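Q: Okay, here's the structure, questions in a sec.
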Amino acid sequence: MAQSPVLVDPQGGAIYQLRSSEGELFQVCFEGSCLFCDSLPAGEAHLRLMEQRLRQRLG
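Counting along the sequence shown from 1, when you hit position 55 you're at 58 in the working numbering, and nothing is skipped either side.
Okay, here's the thing in structure tokens:
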């Protein structure tokens, strides 16, 4: 079963919370690219950067 995101922003980015035997991990996805972070605040910061870089490329 697919897990629901803990955060979806208006630009379409999403953050998923994953659990493992070693603790929590957050997967940040935007425009087909994903990365992993140790905390939700770090994930939110990375998502903002990913969106900002896309806006810069689009001009």
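Note that the Cβ used here is the ideal one computed from N, Cα and C, for glycine as well.
Note that the structure is predicted; figures quoted are calculated from it, not measured.
Would you mind sorting residue 11 into buried or exposed? The rule is 16 or more other CB atoms within 10 Å of its CB.
A: Classification for residue 11: exposed.
Q: DSSP three-state call for residue 26: helix, strand or coil?
A: strand
Q: Leaving out five residues before and five after residue 15 in sequence, what residues of the same chain have Cβ atoms less than 8 Å from its Cβ?
A: 33 and 34
Q: Restricting to Cα atoms, I'd like to know which of 60, 24, 30 and 9 is closest to residue 49.
A: 30
Q: Taking the C-alpha atoms as reference points, what is the distance between residue 41 and residue 61?
A: Take the alpha-carbon of residue 41 and the one of residue 61: they are about 29 Å apart.
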